[in-house]
Amino acid sequence: MNASEILRIVDAIHRDKNIDKEIVFEGVEAALVSALKKHYGEEAEIVVSIDRQSGAVAATCNGEQLPAEEVVGRIGAQTAKQVMIQKIREAERDALYDEYTEQIGEMVSGVIHRYEGAAATVALSNVEAILPRSEQIPGETHHVNERVRATVFEVRKSGSRVKVILSRTRPQLVQRLFEQEIPEINDGVIEVRAMAREPGYRSKVAVSSSDARVDCVGACVGVRGNRIKNIVDELGGERIDIVRWDDNLEVLIPNALQPAEVEQVILCKMLGRAIVLVREDQLSLAIGRRGQNVRLASKLSGWDIEIMTQEELAESIDRAVAGFSSLEGMSVELAERLVEEGFLSYDDLSVIEPDALMAMGELTEEEVDAIVSQAEEKAMEAEAAAQEARRKKREEDRLAAIEAEYAAAEAQTGGAGRIPTAPTTAAGGQGGEAAAQNGDTELTEEAHKAAEGTQGEPAS
């Protein structure tokens, strides 16, 4: 292997494998070092350098110059070849790793080759990637040979291979689809300002326009909804709300809670919380199914959002003032000021910054510590009471379901179709129906007493 052959090998590997020439040169040098150590011993200090222009090889062993023909001759040719192959594979792996690391968060397209359990193996242009079940949209199914789009979520080296993990559940996928389907985003006229997503169910995307003549929401929807429809179809029917961005939170939060109508937004900056007031008939709409609407609006705005009516707020304020002022060392004036800042529960008070409370009430450090300690204790008591109330409510619901089952059975059988073992399950013994009814009444009374006992205290 002479100088010209070395240059030819380096150039061929560079072109065929798309590996930087310098990396190939270093691989050849390492291969020659390995081959020479086989001859001179592992303890020998071998240094090999290749001229990048001429391909000439120079080597030393323990500081002494070695003849060029001995370096590139027949000594350890097979070993040199093996080391070169290994170095080339490592270089290929590193090149792939760098390529896909730069694409984290970007969208790629590939074909599903096979399934290993619930995880799909997706063939990209030059590597096989993994789409785990946890990164697939809930409820969606894919098939072998189907083309899918996903974002690069994670890249890691695994031995001599590169493992690329894809995701279809991350907000970045929605972002990239918007960039692909809406030219105004790529042109810089429309900007995606924030995004919140619950994959497979619903996403909220806040957008703004740098050109007053361009309606950012209308441009994203498209003529007859064609643009947003393409995105929804790609996401398996996931609902997408397009929100008009505003730097003013008192405007942005109502926009994010649409279609609910908001009466007022009260910002509690010390807590990073927004109290949103709505009419009674808008309450469930603002909260959304299982809290989804308010949860996504909170993620989108970056603020905790609490939905309530005017009446609920007034009751919360009265309870908070009464509860706070009952704490040792807390004046009514300080309690009212805390409520004005948005502190409505012992739990809120337990996490207040001590310096802020000292400044607000002109208190000493010891007085602040005592107040916070009392608030923490009250918060734990309130949480325990709430858990017990929830337990009793579940028991009431269970007993009510049993009674409804009995009533339905009686209606169908004329009183002869009772389930004989159900009364024992409900009340434990003979006369089960009556016992179940009595137990239901007792639980209701206990829950009522528990609720009365918490009146005048802030909610946890």
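Numbers in this note's numbering are just positions in the sequence shown, counted from 1, shifted up by 807.
Glycine included, C-beta positions come from ideal geometry on N, C-alpha and C.
| query | result |
| --- | --- |
| Short Cβ contact (8 Å threshold) for E1183 with S1152 | no |
| Extent of the continuous beta strand (DSSP E) to which C1077 belongs | As written in the sequence, residue 1077 is Met, which differs from the Cys given in the question. Unbroken run through M1077: none, as it is neither H nor E. |
| Coarse secondary structure for I1178, derived from DSSP in three states | helix |
| Neighbourhood of L843 by C-beta distance below 8 Å, restricted to the same chain and skipping five residues each side | A851, I853, V855, A866, C868, L873, V878, I882 and G883 |
| Outcome for R1198 when other beta-carbon atoms lying within 10 angstroms are tallied against a minimum of 16 | exposed |
| Whole-angstrom distance between G1007 and R1046, CA atom to CA atom | 8 Å |
| Spatially closest choice to V934 from P945, I972 and E923, by CA coordinates | I972 |
| E909, DSSP secondary structure in three states | coil |
| At least 3 beta-carbon pairs within less than 8 Å: the stretch 1049 to 1056 vs the stretch 1010 to 1023 | yes |
| C-alpha gap between I1003 and G917, whole angstroms | Note that residue 1003 is Ala in the sequence shown here, rather than Ile. Going by the C-alpha atoms only, they are around 26 Å apart. |
| Reduced DSSP secondary structure (H/G/I, E/B, other) of M1187 | helix |
| Same chain, Cβ closer than 8 Å to E947, neighbours up to 5 away in sequence not counted | R975, G1007 and G1043 |
| Exposure of K1185, with buried meaning 16 or more beta-carbon neighbours within 10 Å | buried |
| Nearest-angstrom Cα separation, counted from S841 out to G848 | 10 Å |
| Simplified DSSP state of G917, which is helix, strand or coil | strand |
| Beta-carbon spacing of G1079, W1110 below 8 Å | yes |
| Paired residues, beta bridge with D1111 - DSSP | R1080 |
| R1086 - partner residues in DSSP beta bridges | For R1086, which the question treats as bridged, DSSP gives no partner whatsoever. |
| Beta-carbon proximity of A1081 to L1056, cut-off 8 Å | yes |
| Collapsed DSSP secondary structure at L873 in the structure displayed | strand |
| Alpha-carbon spacing of Q1099 relative to D1176, whole angstroms | 37 Å |
| Beta-carbon contacts of R1034 that lie in its chain and below 7 Å, excluding the five residues immediately before and after | E988, I989, C1027 and V1028 |
| Rounded straight-line distance, which links the Cα of L1141 to that of R1086 | 30 Å |
| Runs of beta strand (DSSP E) lying entirely within the stretch 1001 to 1026, each at least 3 residues, in chain order | 1009 to 1016 |
| Presumed contact (8 Å Cβ cut-off) between A898 and V831, rounded CB distance | 7 Å |
| Beta-carbon proximity list for Q979, same chain, < 7 Å, skipping 5 on both sides | G912 and T958 |
| Cβ-Cβ separation, V969 to R900 (assumed contact under 8 Å), whole Å | 5 Å |
| Among D994, G1032 and E1005, the one whose alpha carbon lies nearest that of S1016 | D994 |
| Element boundaries [alpha helix (DSSP H), containing V955] | From DSSP, V955 is part of no alpha helix (DSSP H) but of the beta strand (DSSP E) over R954 to S965. |
| Whole-angstrom distance between I1112 and E1070, CA atom to CA atom | 14 Å |
| Residues that I937 bridges to, as DSSP identifies them | T928 and I972 |
| Boundaries (first-last residue) of the beta strand (DSSP E) holding S856 | I853 to I857 |
| Proximity to Q1117 [Cα-Cα], best of D1088, R1097, S1132 and S1108 | D1088 |
| Nonlocal neighbours in the same chain, by C-beta distance under 6 Å from E998, ignoring five residues either side | S1015 |
| Boundaries (first-last residue) of the beta strand (DSSP E) holding A1067 | Run containing A1067: none; DSSP gives neither H nor E here. |
| D1048 - DSSP class collapsed to helix/strand/coil | strand |
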